[in-house]
Amino acid sequence: MKPAALAKTLEEMIQETKKGHLDWLIELQSTDGLAPSLKQRITEDDKEWVVDECFISFYCKYHGKDYLMITYEHIKQHGDQVRSDNLIFMPPLNVRYFDVGILSPYIVDADAVLLDRFHQLWLLMLDSSKKKDGHVTFKVFDPYE
Numbered sequence: 005m006k007p008a009a010l011a012k013t014l015e016e017m018i019q020e021t022k023k024g025h026l027d028w029l030i031e032l033q034s035t036d037g038l039a040p041s042l043k044q045r046i047t048e049d050d051k052e053w054v055v056d057e058c059f060i061s062f063y064c065k066y067h068g069k070d071y072l073m074i075t076y077e078h079i080k081q082h083g084d085q086v087r088s089d090n091l092i093f094m095p096p097l098n099v100r101y102f103d104v105g106i107l108s109p110y111i112v113d114a115d116a117v118l119l120d121r122f123h124q125l126w127l128l129m130l131d132s133s134k135k136k137d138g139h140v141t142f143k144v145f146d147p148y149e
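Residue 149 is where the sequence shown ends in my numbering, and the numbering goes up by one at each step.
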């Protein structure tokens with residue numbers, strides 16, 4: 005799916021979710037909350053960077069069609085410097101792995117608009133979960149299991 009078409013579909017999904025018409029399964033795996041000693045470190049530009057990774061799987065049924073979208077964020081931090089890369093994947097339903105190598109054939113070209121739509125969707129999922137409206141189910145996975 006092209007980025008513009010996916011961004012439009014996501015905007016429609018966001019509106020339908022706000023109306024309470026969509027149910028979501030959100031699966032999350034992140035190193036964000038781990039102690040720095042447990043995080044991967046890499047050396048670039050003669051600096052040691054601490055790496056955080058976050059995968060979020062968004063699944064819903066929309067207009068009778070299954071939608072599985074997985075986002076990946078790779079964040080490097082050195083002191084107050086932060087660098088981030090974002091990827092979006094649309095794999096078939098049987099490919100629900102939090103592994104960039106496995107997901108790479110299903111990458112979607114992401115532009116700023118599409119990344120913003122996913123961010124809006126994520127914020128909506130968090131809000132929906134806080135309200136306990138029953139439309140979002142969260143599953144959190146340990147990154148080292």
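C-beta atoms are modelled at their ideal positions from N, C-alpha and C, and glycine is treated no differently.
Keep in mind that this is a model prediction, so the values were computed, not measured.
- Query: Excluding five sequence neighbours on each side, which residues of the same chain lie with their C-beta closer than 7 Å to the C-beta of aspartate 113?
  - Reply: Excluding positions up to five away in sequence, the list reads Pro7.
- Query: Are aspartate 56 and lysine 80 closer than 9 Å when you measure CB to CB?
  - Reply: Yes, Cβ-Cβ distance for aspartate 56 and lysine 80 is below 9 Å.
- Neighbourhood of tyrosine 63 by C-beta, 6 Å cutoff - its chain only, sequence neighbours within 5 removed: The beta carbon of tyrosine 63 sits closer than 6 Å to the beta carbons of Leu29, Leu72 from its chain, once the five residues preceding and following it are set aside; these are given in chain order.
- Message: If distances are taken between C-alpha atoms only, which option among Met5, Cys58, Glu20 comes closest to lysine 65?
- Response: For lysine 65, the nearest C-alpha among the options comes from Glu20.
- From Leu125, Ile60, Val117, pick the residue whose C-alpha is nearest to that of tyrosine 101; which is it? Nearest neighbour of tyrosine 101 by Cα position, chosen from Leu125, Ile60, Val117, turns out to be Ile60.
- Task: Starting from serine 133, follow the alpha helix (DSSP H) in both directions and report where the run begins and ends.
- Result: Element bounds for serine 133: 116 to 135.
- Select from His123, Val86, Asp27 the residue whose C-alpha is nearest the C-alpha of histidine 67. Checked all of His123, Val86, Asp27; the closest Cα to histidine 67 is Asp27.
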